[in-house]
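First residue of the sequence shown? That's 4 in the numbering used here, and the numbers climb one at a time after it.
Glycine included, each C-beta is placed from N, C-alpha and C at the ideal position.
So the structure is just underneath, and the comments pick up after that.
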Amino acid sequence: MGSPANLRWRTLNDYRRQQANLAATCGKCRRTAILDINKLIHWFFLQQWNDAIPVVERRLYCVKCRRRPSDLKPTTQAPDHLPFFPRNDMEWRSVIRRLRD
Ligand SMILES: [Zn+2]
């Protein structure tokens, strides 16, 4: 991962290209969650959401107080296990089925 200052972090794909995960900090309680970039991209793709960072900010919320994140930035830290992502291929398939119905 290069220096973040020299890169543009405009979309989730920019993060993936740099092999960075996304650190989202809550605007209220300051809890930070590390999101797995590949799962996040897969999730946005399934929902047919745009992956521009301002859109991502509006789609994410704090699991504790449900506020939106005030700060999104790249990180090389390992992702947290978060309840809103499917945990395995079977669960991903069931999400895909649900969205198609
Ligand atoms: Zn919070």
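Could you check the C-alpha separation between residue i and residue j for me, to the nearest Å?
i: Met93; j: Ser73; result: 33 Å
i: Ala27; j: Leu75; result: 5 Å
i: Leu15; j: Arg90; result: 20 Å
Within the continuous alpha helix (DSSP H) that includes residue i, where are the two ends?
i: Asn16; result: 15 to 20
i: Asn41; result: 40 to 50
i: Pro57; result: 56 to 62
With hydrogens ignored, establish whether the beta-carbon of residue i is closer than 7 Å to any heavy atom of ligand 3.
i: Arg34; result: Ligand 3 is absent from the structure shown, which contains only ligand 1.
Considering only residues of the same chain and omitting the five flanking positions on each side of residue i, which have a CB-CB separation below 7 Å?
i: Trp52; result: Val58, Arg62
Which residues bound the beta strand (DSSP E) around residue i?
i: Leu102; result: Where Leu102 is concerned, there is no enclosing beta strand (DSSP E), although the alpha helix (DSSP H) it sits in stretches over 92 to 103.
i: Asn53; result: No beta strand (DSSP E) holds Asn53; DSSP gives it neither H nor E.
i: Arg29; result: For clarity, residue 29 is Cys in the given sequence; the question names Arg instead. Segment 24 to 29, the beta strand (DSSP E) holding Cys29.
i: Pro72; result: 72 to 78
Kindly list the residues whose CB is nearer than 8 Å to the CB of residue i, restricted to its own chain and excluding five residues on each side of it in sequence; keep chain order.
i: Glu45; result: Here residue 45 is His; the residue named in the question, Glu, does not match the sequence. Answer for His45: Trp95, listed in chain order.
i: Thr78; result: Ala23, Asn24, Leu25, Ala26, Ile37
Taking the alpha carbon of residue i as the point to measure from, which residue in the options has its own alpha carbon closest?
i: Leu85; options: Ile40, Asp54, Arg101; result: Ile40
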